[in-house]
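Numbering (the working numbering), first residue to last: 273 to 611. Virtual Cβ for every residue (Gly too), placed ideally from N, Cα, C.
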Amino acid sequence: MVGKKDLLARAMGQAGILNLMKARGQSRVLVAPAFHRVDSEAVRRFSLHCGVLDTDRSKFDAQMELVGSSFVSLTASEAGRMLAQEQAWPARPALVTFDDGYADVVTCALPVLRRHGVKATLFVAPYYVEERDVPWWDWVAHCFHHTEREEVRVGYPERCRFPMTGDGACEAAVRGMIGAIGRARDLDLGRLKAEVEGATGVGVAQSELAEHNIVTWNMLRQWIDEGHEVGAHGMRHRPLTGLSENELELELRESRRLIRERLGVNVETISYPGGATDAHVVRRARAAGYSLGLCYGGKPLLKRASPDARFAVPRQPVKAWQSLDYFHAMMTLPGLFAW
């Protein structure tokens, strides 16, 4: 997928405009690129959901070279404290984040961050770390990729029929199934797993998938020891809007408690799962002890933002189809290239 903005970014890169803007600019706009995974080999090897593969190793190295050479990287808690105290951003601030807690953030991204002197924040849903499980979208993709059936019929969370033959059919089926799940309210994950396994005829060894794809507590300790930060991403990555009060409290408070208990660090920041938030979620996040909340989309935060802005900090999602020029443009001209 190459859009008009990507074509514009490529043209600006070829004409030298992006380098000129980088050399001259001293923007005080907080740019927050959001990543999930960087290791395409692991996604292919275990037939997991490619939708969370935002870059690859070589492109990520180039992306972080740009951040390290031209921006001041902040952790999420540093950004939160600056917002709370109404401090102006430093020249060219960048908040590099990773969601979900995939192992390749430590095994692949960490050496790159170290090499380029970039600080980052990793937001984890600690249920998956503690129970050695993988998020539902990964085992859904795994089942669909390994089915031998020509058609998959699913009855929950809604009735769907997915043809599985022909070029692109499998990926289209995965996208369709994930879309159906995303529309569901009060999702029963146990029922969903049984439904998908039965419909595809494929069982999921979740602990085996987690062993190679989800961070461990020791990996997170290494991450922290190198100067990076861990934040919360809900307990089980459930969209926080629409949850009951008890469920919302569990997602907000238990995730924070478990990370603090296992790692011995104070958890000040949260990335709302899927970026889903509203005024009620913000109120409950404040009450749970968070000082910063991150979502997706919207214009980057300008110079000195109000303290209330710290619970809806917009991030710019990085996508695999984006060229390096697009990333450069997004970082250098965020008002034009932000999603």
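Cα-Cα separation between residue i and residue j, rounded to whole angstroms
i: F332; j: T488; result: 22 angstroms
i: R534; j: R282; result: 45 angstroms
i: R364; j: L566; result: 19 angstroms
i: C432; j: G352; result: 43 angstroms
i: A444; j: R317; result: 19 angstroms
i: T541; j: T437; result: 44 angstroms
i: P429; j: Q357; result: 45 angstroms
Bounding residues of the beta strand (DSSP E) (the contiguous stretch that carries residue i)
i: R425; result: 423-426
i: S349; result: Segment 348-356 is the alpha helix (DSSP H) holding S349; no beta strand (DSSP E) there.
i: D371; result: 368-372
i: V396; result: 392-396
i: A281; result: Taken as a continuous stretch (DSSP letters only), A281 belongs to no beta strand (DSSP E), being part of the alpha helix (DSSP H) at 276-286.
i: A504; result: 501-504
Run of the alpha helix (DSSP H) containing residue i, from where it starts to where it stops
i: I486; result: Run containing I486: none; DSSP gives neither H nor E here.
i: C415; result: 408-418
i: G470; result: 461-472
i: G454; result: 441-455
i: P383; result: 382-388
Residue from the options whose Cα sits closest to the Cα of residue i
i: R555; options: V537, Y568, V446, F583; result: F583
i: M491; options: V426, P606, L382; result: L382
i: S345; options: P545, V468, A366, E422; result: A366
i: D550; options: A397, E403, R528, L520; result: L520
i: L481; options: L280, A314, G440; result: A314
Reduced DSSP category for residue i - H, G, I as helix; E, B as strand; rest coil
i: A548; result: coil
i: S543; result: strand
i: C432; result: strand
i: L566; result: strand
i: V324; result: helix
i: S479; result: helix
i: F307; result: strand
i: S345; result: strand
Minimum Cβ-Cβ distance from residue i to chain B less than 7 angstroms
i: G448; result: Among the chains in the structure shown there is no chain B, since it carries only a single protein chain.
Contact set for residue i: own chain, Cβ-Cβ below 7 angstroms, skip 5 residues either direction
i: A548; result: P511, L512, T513
i: A452; result: P429, E430, C432
Own chain residues within Cβ distance below 6 angstroms of residue i, not counting five before or after
i: W409; result: H321, I450
i: F343; result: R364, A366
Residues of its chain near residue i, where Cβ-Cβ distance is below 8 angstroms and the 5 sequence neighbours each way are ignored
i: I496; result: V502, L535, V537
i: S563; result: S349, G352, R353, A356, E540, T541, R582
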